[in-house]
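Undergrad: The structure's right below; bear with me while I get my questions together.
Protein chains: 2
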Amino acid sequence: MNGAQSLIRTLADAGVDVCFANPGTSEMHFVAALDTVPEMHGVLGLFEGVVTGAADGYARVAGRPAAALLHLGPGLGNGLANLHNARRARTPVVVVVGDHATYHKKYDAPLESDIEAVAGSLNGWVRRCAATGDVGADAAAAVAAAMDAPGRVATLVLPADLSWGEGGRPARPVAPKPPAPVAAPAVARAADLLRGGEPVVLLIGGPACLEAGLNATSRISAATGAKALAETFPARLQRGAGLPAVERLAYRSDQATAQLAGHRHLILAGATAPVTFFAYPGEPSDLVPEGCRIHTLAEPGQDVVRALTDLADLVAPGTAPVPHPSRRPPLPSGPLTFANWADVIGALLPENAIISDESNTSGVLLPKATAGAPRHDLLTLTGGAIGQGMPVATGAAIAAPGRPVVTLQSDGSALYTISTLWTQARENLDVTTVVLNNRAYAILRLEFQRVGASSPGPEAARLLSLSPPDIDFVHLAEGFGVPATRATTAEELAAQFAEALRAPGPHLIDAVIPPVL
Amino acid sequence: MNGAQSLIRTLADAGVDVCFANPGTSEMHFVAALDTVPEMHGVLGLFEGVVTGAADGYARVAGRPAAALLHLGPGLGNGLANLHNARRARTPVVVVVGDHATYHKKYDAPLESDIEAVAGSLNGWVRRCAATGDVGADAAAAVAAAMDAPGRVATLVLPADLSWGEGGRPARPVAPKPPAPVAAPAVARAADLLRGGEPVVLLIGGPACLEAGLNATSRISAATGAKALAETFPARLQRGAGLPAVERLAYRSDQATAQLAGHRHLILAGATAPVTFFAYPGEPSDLVPEGCRIHTLAEPGQDVVRALTDLADLVAPGTAPVPHPSRRPPLPSGPLTFANWADVIGALLPENAIISDESNTSGVLLPKATAGAPRHDLLTLTGGAIGQGMPVATGAAIAAPGRPVVTLQSDGSALYTISTLWTQARENLDVTTVVLNNRAYAILRLEFQRVGASSPGPEAARLLSLSPPDIDFVHLAEGFGVPATRATTAEELAAQFAEALRAPGPHLIDAVIPPVL
Chain A
8 MNGAQSLIRT LADAGVDVCF ANPGTSEMHF VAALDTVPEM HGVLGLFEGV
58 VTGAADGYAR VAGRPAAALL HLGPGLGNGL ANLHNARRAR TPVVVVVGDH
108 ATYHKKYDAP LESDIEAVAG SLNGWVRRCA ATGDVGADAA AAVAAAMDAP
158 GRVATLVLPA DLSWGEGGRP ARPVAPKPPA PVAAPAVARA ADLLRGGEPV
208 VLLIGGPACL EAGLNATSRI SAATGAKALA ETFPARLQRG AGLPAVERLA
258 YRSDQATAQL AGHRHLILAG ATAPVTFFAY PGEPSDLVPE GCRIHTLAEP
308 GQDVVRALTD LADLVAPGTA PVPHPSRRPP LPSGPLTFAN WADVIGALLP
358 ENAIISDESN TSGVLLPKAT AGAPRHDLLT LTGGAIGQGM PVATGAAIAA
408 PGRPVVTLQS DGSALYTIST LWTQARENLD VTTVVLNNRA YAILRLEFQR
458 VGASSPGPEA ARLLSLSPPD IDFVHLAEGF GVPATRATTA EELAAQFAEA
508 LRAPGPHLID AVIPPVL
Chain B
8 MNGAQSLIRT LADAGVDVCF ANPGTSEMHF VAALDTVPEM HGVLGLFEGV
58 VTGAADGYAR VAGRPAAALL HLGPGLGNGL ANLHNARRAR TPVVVVVGDH
108 ATYHKKYDAP LESDIEAVAG SLNGWVRRCA ATGDVGADAA AAVAAAMDAP
158 GRVATLVLPA DLSWGEGGRP ARPVAPKPPA PVAAPAVARA ADLLRGGEPV
208 VLLIGGPACL EAGLNATSRI SAATGAKALA ETFPARLQRG AGLPAVERLA
258 YRSDQATAQL AGHRHLILAG ATAPVTFFAY PGEPSDLVPE GCRIHTLAEP
308 GQDVVRALTD LADLVAPGTA PVPHPSRRPP LPSGPLTFAN WADVIGALLP
358 ENAIISDESN TSGVLLPKAT AGAPRHDLLT LTGGAIGQGM PVATGAAIAA
408 PGRPVVTLQS DGSALYTIST LWTQARENLD VTTVVLNNRA YAILRLEFQR
458 VGASSPGPEA ARLLSLSPPD IDFVHLAEGF GVPATRATTA EELAAQFAEA
508 LRAPGPHLID AVIPPVL
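Heads up: the sequence lines are chains A and B, in that order. Here the first sequence is numbered in the numbering used here, starting from 8 and rising by one per residue. Here the second sequence is numbered in the numbering used here, starting from 8 and rising by one per residue.
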């Protein structure tokens, strides 16, 4: 058994049985070894950002990591943006980066690169395999490191000669560290605050955004009057009819400030203290209102769901969670606009869907439009590195083959990882991608105003516009083997969305929307 | 004047007047400032790898750097692969990475990232601006650092508040360090070797691959019988009818070994000692034959052209360079194959063209087919990070608006930076892209065999194939606004290539070629 075989055997034994891959020469023995471990399923991405984003989306839905196979430093670089997003999502991801053979590195061959420096920028776990006989143990350690609560990117650098060398030994799975319990006094202090009569905000994040955490949060809120908010960009938020609705903290600082205004206490439950996404001239970065005290119920990595449940049992023993009613918006009509497209999604979203949301500025009305739609999972752009939506959807679809996946995708962001569509076609995934095509970096037009950079001159305006030429997403999708249509009216979007959901396999709808700015 | 304005003013004064950009919020004041410096031309790329590859291609042809504007660590990550190639090409590139405002960093906002770690992996020059009043001086230092011989990637990290802050002061250009002279005794020693009667290889690289270096090399070779070779992947190689032809050292180690066999001395002139691209089980990495001694005439960063010319004057005073005759292959006919497509290029290549070559396995016969074509510049994949061909062509076209640019592009590699086509359309660049579409990672099929990984099983084979589904590059190009056609016969390729060269603006030809492996 060679090193690569021991690596893949170990991964599969640890429950990692999907490997998203964009391999190169130094990974050829790893690729060859895939056929020796029948449980392992390799999925090709045509660009590393597809691979890493899919691994992120997979783990968000499956609850266990996938592997991502990359080729030396440049491959890791191409995958870095979506690993950044995975890091912010606290998603467990096992990255295997193939490197030159140990004895080859001193020659500074063209692809020689500082893999550790790039991987280290993710503040996760990084190890370089040092002996073929240890590759299995390294792999087991990587899986555990990725899964140690709250989850992280674990990068294993695999030199080619350790991959092809004989003497590989599979290792048993290493149990990851579970979430650390929250001590009873911390729960009791939070209970005291909630009973104290002063206005409290409860800001939830991480696993608290799943059903059990939402139920506890809803009970607390209903019994005490505390305002419940979810972090702005949760990795996975469960929502829809029958689940308690928890409003998200707004992206825009003026709106977030309004949500938090007047509160004297902020209890953090799996979330970090709110700050603005970017700095703006003359505005504070810290969104916590003057005079509001911060209290931490559970940090990321602590058992926030247990803590919230215990807290609810203290302050809301007889209170039930408040489910959101089933309520869909009516199907809109007329030309497609910023204001009506989300209602189409809300009106037609199928049962048990997964939404990968990178609609950015176009999606401001989406939460309202889908709040009473059938229960669904929402995966958001956690780290702000655009180009995540379609890859995350791809991984989610592989993790949950029976569930419909809907990607709501801004046009500009779509183009960073557009080849994801090919992987969706190859794997015949039930993903419906709606591109919100306003032919602009609309968010940058907005931010241009917000940072006070006056109005754009002609050179600046050219850098904020995606036209001319217009990008034809129907052609792009068909080029990658995904059937596609264009919608310019709400009726067209509704008909095409319904048909895409009905027909198996991937589809794309180029939803052309006039820009607001 | 704010910091951004002082930065752009300084860049323009130092001769950096093109800025390839994929900006985000933290770069909005930089974008706004573009309109205050009329000499500066902003070019939007839809992905950072387009931006950095274009900056590389621009400088290879213009001989001076462009700026590349990127957005925090994830943006730099997306641009890293082509910066790696630029590093290997020793191309001067000025990278400006916008960062959060200085006071915002401590909040660990979602896009907070370790920019210096990623930039540092390039072994170039990295500086973080520390005061608005120094941004101009930092920019001048960055340009000089990029241009100091032999050239490198210089990364300037620009916090948003230093960009928008008032008090910017433009700085005068800083003279970059010219190539260091080669001392006369080193030239004399090389002359002694060449006159010594033992077989000598002269391996040239860097600026020696341009006309003056080639002429000197040819004189030396003609007068002494030394074998002249150029480095495997030159940043820019001038060739064609009327110029001396210098064969490149082969990528494949068996072929390179044959080229070098039997030589007792290897003189390095701007090149580094030859090593294999990857390690292969049981094969040496070092390509220098047993018993062959290495002598360095000029290291990268030394004035190799002057040294070669001085050497030629010593050993070949009365010898003229040997120009390659004008000689085109006949136009082939019949189905397009691995063996005939390059002859179409050789037969029809226009005068004064620039070829960006990322044809990889499909391009093995290209050097021979184009050796006697009209004089042209060849830009190669210097660092092995695929996805360079189309961006480099884009930058080259902006650097040389009057010259036809031809991209010869493997299908798999094309997909890393496919949105480059949109920038070509927007800027109406005279670039003709021929995609060599063999529906496979053919190089990986080859490498799979070479590393001795037996024959691929079904899982492995799926990771080496780009079909199904077939990728339709005509649709992809049209989606990005570039007119495109498909060729399956040599006659079709010839007709379409001639027409694409004749018509202004970008074109793409999807040249479907049966895979060899």
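Glycine included, each C-beta is placed from N, C-alpha and C at the ideal position.
Return the first residue and the last residue of the alpha helix (DSSP H) that Arg-509/B is part of.
TA: Position 502 of the second sequence holds residue 509/B. From DSSP, the alpha helix (DSSP H) with Arg-509/B extends over 497-509.
Undergrad: Can you give me the Cβ contacts of Ala-144/A inside the same chain, cut-off strictly under 6 Å, excluding the 5 residues immediately before and after it?
TA: In the first sequence, counting from the first residue as 1, residue 144/A sits at position 137. Cβ within range, chain order: Ala-178.
Undergrad: In chain order, what residues of the same chain lie with their CB nearer than 8 Å to the CB of Pro-288/B, ignoring the 5 residues before and after it?
TA: To locate residue 288/B, count along the second sequence from 1; it is residue 281. Same-chain partners within the cutoff: Val-458 and Gly-459.
Undergrad: Would the region 53-69 of chain B and the region 397-407 of chain B be scored as touching if the rule is three or more Cβ pairs under 8 Å?
TA: Yes: at least three Cβ pairs fall under 8 Å.
Undergrad: Which residues of chain A have a Cβ atom closer than 7 Å to the Cβ of Gly-391/B, listed in chain order?
TA: Stepping through the second sequence from its first residue, residue 391/B is reached at position 384. Residues of chain A passing the Cβ test: Pro-117 and Leu-118.
Undergrad: Can you pull the chain B neighbours of Met-8/A, defined as C-beta to C-beta under 9 Å?
TA: For the purposes of this step, residue 8/A is taken as the residue at position 1 of the first sequence. Result: empty, since nearest Cβ-Cβ is about 14 Å, beyond 9 Å.
Undergrad: If Val-125/A and Val-23/A are in contact, beta carbons under 8 Å, what's the gap, nearest whole angstrom?
TA: On the first sequence, position 118 is the one that residue 125/A refers to. On the first sequence, position 16 is the one that residue 23/A refers to. The pair is not a contact, with the Cβ atoms about 22 Å apart (cut-off 8 Å).
Undergrad: Along chain B, in chain order, which residues have C-beta atoms closer than 7 Å to that of Glu-485/A?
TA: Sequence index remark: in the first sequence, residue 485/A carries index 478 (1-based). Per Cβ cutoff of 7 Å: Asp-479 and His-482.
Undergrad: Asn-85/B touches chain A at which residues, Cβ-Cβ below 9 Å?
TA: Taking the second sequence and counting its residues from 1, the one referred to as residue 85/B is at position 78. Going along chain A in sequence order, the residues near Asn-85/B (Cβ under 9 Å) are Gly-56, Gly-84, Asn-85, Leu-87, Ala-88, Ala-392, Gly-394 and Tyr-423.
Undergrad: Would Gly-172/A pass as a contact of Gly-10/A if the rule is Cβ separation under 8 Å?
TA: Position 165 of the first sequence, counting from 1, holds the residue named residue 172/A. Position 3 of the first sequence, counting from 1, holds the residue named residue 10/A. A contact, by the Cβ cut-off of 8 Å.
Undergrad: Straight-line CA distance for Lys-113/B to Arg-243/A?
TA: Numbered from its first residue, the second sequence carries residue 113/B at position 106. Numbered from its first residue, the first sequence carries residue 243/A at position 236. Their backbone Cα atoms lie some 26 Å apart in a straight line.
Undergrad: Pull the bridge partners of Thr-440/A from the DSSP assignment, please.
TA: As a working note, residue 440/A is residue 433 in the first sequence. Its beta-bridge partners are Thr-414/A and Leu-515/A.
Undergrad: Measure the alpha-carbon distance for Glu-358/A versus Asp-63/A and round it to whole angstroms.
TA: For the purposes of this step, residue 358/A is identified with residue 351 of the first sequence, where counting begins at 1. For the purposes of this step, residue 63/A is identified with residue 56 of the first sequence, where counting begins at 1. Near 23 Å, if we compare the C-alpha coordinates of Asp-63/A and Glu-358/A.
Undergrad: Please look up how many angstroms separate the CB atoms of Pro-117/B and Gly-391/A, rounded, as I've assumed it's under 8 Å.
TA: Residue mapping note: residue 117/B aligns to position 110 of the second sequence, counting from 1. Residue mapping note: residue 391/A aligns to position 384 of the first sequence, counting from 1. Indeed they touch by this definition, with Cβ atoms about 4 Å apart.
Undergrad: If distances are taken between C-alpha atoms only, which option among Ser-292/B, Thr-387/B and Ala-252/B comes closest to Thr-331/B?
TA: What you label residue 331/B is simply residue 324 of the second sequence in a count that begins at 1. Reading the sequence as shown, one finds His at residue 331/B and not Thr. Ranking Ser-292/B, Thr-387/B and Ala-252/B by Cα distance to His-331/B puts Ala-252/B first.
Undergrad: Let me check understanding here. Comparing Cα to Cα, which of Glu-498/B, Tyr-258/B and Thr-283/B lies closest to Gly-370/B?
TA: Taking the second sequence and counting its residues from 1, the one referred to as residue 370/B is at position 363. Nearest C-alpha to Gly-370/B: Tyr-258/B.
Undergrad: Going along the region 272-298 of chain B in order, which residues come within less than 9 Å of chain A, judged by CB to CB distance?
TA: The residues in question are Thr-279, Ala-280, Val-282, Thr-283, Phe-284, Phe-285, Ala-286, Tyr-287, Pro-288, Ser-292 and Asp-293.
Undergrad: So, Ala-497/B versus Ala-491/B, is the Cβ gap smaller than 8 Å?
TA: Sequence index remark: in the second sequence, residue 497/B carries index 490 (1-based). Sequence index remark: in the second sequence, residue 491/B carries index 484 (1-based). Taking 8 Å as the Cβ cut-off, Ala-497/B and Ala-491/B do not qualify as a contacting pair.
Undergrad: For my contact list, His-302/A and Ala-197/A are in at a C-beta cut-off of 8 Å; report their separation, rounded to the angstrom.
TA: The residue you call residue 302/A lines up with position 295 of the first sequence. The residue you call residue 197/A lines up with position 190 of the first sequence. Contact holds; Cβ gap of about 6 Å.
Undergrad: Distance, Cα to Cα, His-78/A vs His-107/A?
TA: Along the first sequence, read from residue 1 onward, the residue named residue 78/A stands at position 71. Along the first sequence, read from residue 1 onward, the residue named residue 107/A stands at position 100. Taking the straight line joining both Cα atoms gives about 10 Å.
Undergrad: Within 10 Å of its beta-carbon, does Ala-93/B have 16 or more other beta-carbons around it, so buried, or fewer, so exposed?
TA: As a first step, residue 93/B must be located in the second sequence, where it is residue number 86. That one is buried.
Undergrad: Does the Cβ-Cβ distance between Asp-376/A and Gly-341/A come in under 8 Å?
TA: Along the first sequence, one-based indexing puts residue 376/A at 369. Along the first sequence, one-based indexing puts residue 341/A at 334. The sequence shown places Ala at residue 376/A, rather than the Asp named in the question. Against a cut-off of 8 Å, the Cβ pair of Gly-341/A and Ala-376/A comes out as no contact.
Undergrad: Around the Cβ of Asp-141/B, are there at least 16 other Cβ atoms within 10 angstroms (buried) or fewer (exposed)?
TA: To locate residue 141/B, count along the second sequence from 1; it is residue 134. Buried, because 16 or more other Cβ atoms sit within 10 Å of the Cβ of Asp-141/B.
Undergrad: If Ala-518/B sits next to Ala-501/B, beta carbons under 8 Å apart, how far is it from one beta carbon to the other, in whole angstroms?
TA: Within the second sequence, residue 518/B is the residue found at index 511, counting from 1. Within the second sequence, residue 501/B is the residue found at index 494, counting from 1. The pair is not a contact, with the Cβ atoms about 11 Å apart (cut-off 8 Å).
Undergrad: Measuring CA to CA, which of Val-104/B, Pro-328/B and Val-208/B is closest to Ala-278/B?
TA: Your numbering for residue 278/B matches position 271 in the second sequence. Nearest C-alpha to Ala-278/B: Val-208/B.
Undergrad: Can you give me the start and stop residues for the beta strand (DSSP E) that Glu-434/A sits inside?
TA: For this step, residue 434/A is matched to residue 427 along the first sequence. That residue, Glu-434/A, is in no beta strand (DSSP E); it is neither H nor E in DSSP.
Undergrad: How about Arg-202/B and Ala-327/B: do their beta carbons lie closer than 8 Å?
TA: The count along the second sequence starts at 1 and reaches residue 202/B at position 195. The count along the second sequence starts at 1 and reaches residue 327/B at position 320. Against a cut-off of 8 Å, the Cβ pair of Ala-327/B and Arg-202/B comes out as no contact.
Undergrad: Would you say Arg-16/B faces chain A, with C-beta separation under 8 Å as the test?
TA: As a first step, residue 16/B must be located in the second sequence, where it is residue number 9. It does not: the Cβ of Arg-16/B has no partner Cβ on chain A nearer than 8 Å.
Undergrad: Please list, in chain order, all residues of the same chain as Gly-269/B whose beta carbon is under 8 Å from its beta carbon, the five residues on each side excluded.
TA: Within the second sequence, numbered from 1, the residue matching residue 269/B stands at position 262. The residues are Pro-206 and Pro-296.
Undergrad: Compare the C-alpha of Gly-298/B against each of Asp-320/B, Asp-317/B, Leu-318/B and Leu-273/B and name the closest.
TA: Here residue 298/B corresponds to residue number 291 of the second sequence, with the count starting at 1. The option with the nearest alpha carbon to Gly-298/B is Leu-273/B.
Undergrad: If contact is defined by three or more beta carbon pairs under 8 Å, each pair taking one atom from either stretch, is the region 468-482 of chain B in contact with the region 299-319 of chain B?
TA: Output reads no: the region 468-482 of chain B does not touch the region 299-319 of chain B.
Undergrad: Leaving out the 5 sequence neighbours to the left and right, which residues in its chain are closer than 6 Å to Pro-406/B when beta-carbon positions are compared?
TA: In the second sequence, residue 406/B corresponds to position 399, counting from 1. For the record, residue 406/B in the displayed sequence is Ala; it is not Pro. Correct list, in chain order: Tyr-65, Val-68 and Ala-69.
Undergrad: Mind checking whether Gly-486/A and Ile-478/B have CB atoms under 8 Å apart?
TA: For the purposes of this step, residue 486/A is taken as the residue at position 479 of the first sequence. For the purposes of this step, residue 478/B is taken as the residue at position 471 of the second sequence. Contact flag set, yes.
Undergrad: Name the chain A residues that come within less than 8 Å of Ser-369/B, Cβ to Cβ?
TA: Here residue 369/B refers to the residue found at position 362 of the second sequence. By Cβ distance, chain A contributes nothing, its closest Cβ being about 17 Å from Ser-369/B, past 8 Å.
Undergrad: Check this for me: beta carbons of Trp-132/B and Pro-476/A, under 8 Å apart or not?
TA: As a working mapping, residue 132/B is identified with position 125 in the second sequence. As a working mapping, residue 476/A is identified with position 469 in the first sequence. No, the Cβ-Cβ distance between Trp-132/B and Pro-476/A is not below 8 Å.
Undergrad: Closest Cβ-Cβ distance between Trp-429/A and chain B: below 8 Å?
TA: On the first sequence, residue 429/A is found 422 positions in, with the first residue counted as 1. At least one chain B Cβ lies under 8 Å of Trp-429/A.
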